[in-house]
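Note that our numbering has the sequence shown beginning at 4, numbered continuously upward.
Think of the CB as a built atom: it goes at the ideal place given N, C-alpha and C, for glycine as much as any other residue.
Comments concern the structure below.
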Amino acid sequence: MYIKKGVLDESAFSIRKEKVQAVEITQSIIKRVLGLAEVKLISAGSTGDEELETNTLYPFLSIERAYGMVEEILPAYKVERSMRSLSKQAFKIRMLRPSFFWILSTLAIYYFKPSLWYISLILLVLIYTLRIMDYKNSRYLLNDEFIQFKSGSLETSLFITKRSKVIQIEVERSKLQKLFGLATIETINRSKPVHHTKLQDVSVEYADEFYTWYMDRTKNIQFE
């Protein structure tokens, strides 16, 4: 792929399609209101040390055009529009999970400026509002050799990668997650430094499916 961008200050670069490790489609809160998105490619660099590079292809595309653009320039990738939402158990745990940032901030306010106690309440409302937004925006999907994660509150990020590009996965469960039958899953993509993508509070059943999906990677693993 050959990409040229810029107006006053132009730049051009090329990326070998097989070097693309993942695709990321991001939306700020303003872009979501306007129905726009930004397409990024996460690729292994062209230098010998295989450093990770993130290149923005198009910063202002309609969301449907962004999805179509990925499939157009990378036929090996496919963006699925329909994805799974998090369960009600995930919502409960996000409401119960303590915010250490809020706790420390509240202690500092009451110690140094107790007259500003209302800031603690404002901060608490903000924290829980962002948690609710992240819960509603979070999605996930396993599709044969692909995996998609979407998460974020004010800014959302849709991450798409192929199983053959994933070098390691992790499944973690905190004590609170065990009580609710949930887990955190993570993909690690090759390159240096490695790229980590996490999704919190998926069901244990999906975490098991995720593990099985990764173990089948020998069917289509690629050597470069």
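Backbone secondary structure at ILE18 - three-state DSSP: Within the sequence shown, residue 18 is the residue found at index 15, counting from 1. Of the three classes helix, strand and coil, the one that applies to ILE18 here is coil, per DSSP.
Same chain, Cβ closer than 6 Å to ILE280, neighbours up to 5 away in sequence not counted: Here the chain comprises residues numbered 4 to 227, so residue 280 is not present and cannot be evaluated.
Tell me where the alpha helix (DSSP H) around SER123 begins and ends. As a working mapping, residue 123 is identified with position 120 in the sequence shown. SER123: member of the alpha helix (DSSP H) spanning 121-140, first to last residue.
Using only alpha-carbon positions, find the residue among PRO78, GLY184 and ILE191 that is nearest to SER167. For the purposes of this step, residue 167 is identified with residue 164 of the sequence shown, where counting begins at 1. For the residues PRO78, GLY184 and ILE191, the minimum Cα distance to SER167 belongs to ILE191.
Quick check on LYS165: does DSSP put it in helix, strand or coil? What you label residue 165 is simply residue 162 of the sequence shown in a count that begins at 1. LYS165 falls in the strand class under three-state DSSP.
If you draw a straight line from the C-alpha of SER102 to the C-alpha of ILE163, how long is it? Here residue 102 corresponds to residue number 99 of the sequence shown, with the count starting at 1. Here residue 163 corresponds to residue number 160 of the sequence shown, with the count starting at 1. One C-alpha to the other measures close to 29 Å.
Give the single residue among VAL197, SER14 and VAL23 whose Cα lies nearest to the Cα of LYS165. Within the sequence shown, residue 165 is the residue found at index 162, counting from 1. Of VAL197, SER14 and VAL23, the residue nearest in Cα terms is VAL23.
Within this structure, are the beta carbons of SER141 and LEU89 separated by less than 8 Å? The count along the sequence shown starts at 1 and reaches residue 141 at position 138. The count along the sequence shown starts at 1 and reaches residue 89 at position 86. LEU89 is positioned such that its CB atom lies closer than 8 Å to that of SER141.
Given that a residue counts as buried once 16 or more other Cβ atoms are within 10 Å of its Cβ, and exposed if not, what is SER154? As a first step, residue 154 must be located in the sequence shown, where it is residue number 151. Buried, because 16 or more other Cβ atoms sit within 10 Å of the Cβ of SER154.
Helix, strand or coil: how does DSSP classify LEU99 here? For the purposes of this step, residue 99 is taken as the residue at position 96 of the sequence shown. Per DSSP, reduced to three states, the secondary structure at LEU99 is helical.
Is the stretch 169-185 in contact with the stretch 125-134, if contact means three or more CB pairs nearer than 8 Å? The count of Cβ pairs closer than 8 Å, one atom from the stretch 169-185 and one from the stretch 125-134, stays below three, leaving the stretches out of contact.
Since VAL207 and LEU185 should fall inside the 8 Å C-beta cutoff, what is the C-beta to C-beta distance between them, to a whole number of angstroms? Locating residue 207 in the sequence shown gives position 204, where the first residue counts as 1. Locating residue 185 in the sequence shown gives position 182, where the first residue counts as 1. For a cut-off of 8 Å, the C-beta gap from VAL207 to LEU185 is around 7 Å, short enough to register as a contact.
Let me check understanding here. Comparing Cα to Cα, which of ARG220, LYS91, ALA79 and VAL42 lies closest to GLU67? If you number the sequence shown from 1, residue 67 lands on position 64. That would be VAL42, whose Cα lies nearest to the Cα of GLU67.
DSSP state of VAL82 mapped onto helix, strand, coil: Within the sequence shown, residue 82 is the residue found at index 79, counting from 1. Three-state result, VAL82: coil.
Kindly indicate the opening and closing residues of the alpha helix (DSSP H) around LEU179. Taking the sequence shown and counting its residues from 1, the one referred to as residue 179 is at position 176. DSSP places LEU179 in the uninterrupted alpha helix (DSSP H) bounded by 178-183.
Assuming LEU145 contacts GLU212 under a Cβ cut-off of 8 Å, what Cβ separation, rounded to an integer in Å, is found between them? As a working mapping, residue 145 is identified with position 142 in the sequence shown. As a working mapping, residue 212 is identified with position 209 in the sequence shown. At roughly 6 Å, the Cβ-Cβ gap stays under 8 Å, so LEU145 and GLU212 are in contact.
Take the Cβ of VAL205 as the centre, count every other Cβ of all protein chains shown within 10 Å, and call the residue buried at 16 or more, exposed below. In the sequence shown, the residue the question calls residue 205 occupies position 202. A residue is called buried when at least 16 other Cβ atoms come within 10 angstroms of its Cβ; VAL205 meets this threshold and is buried.
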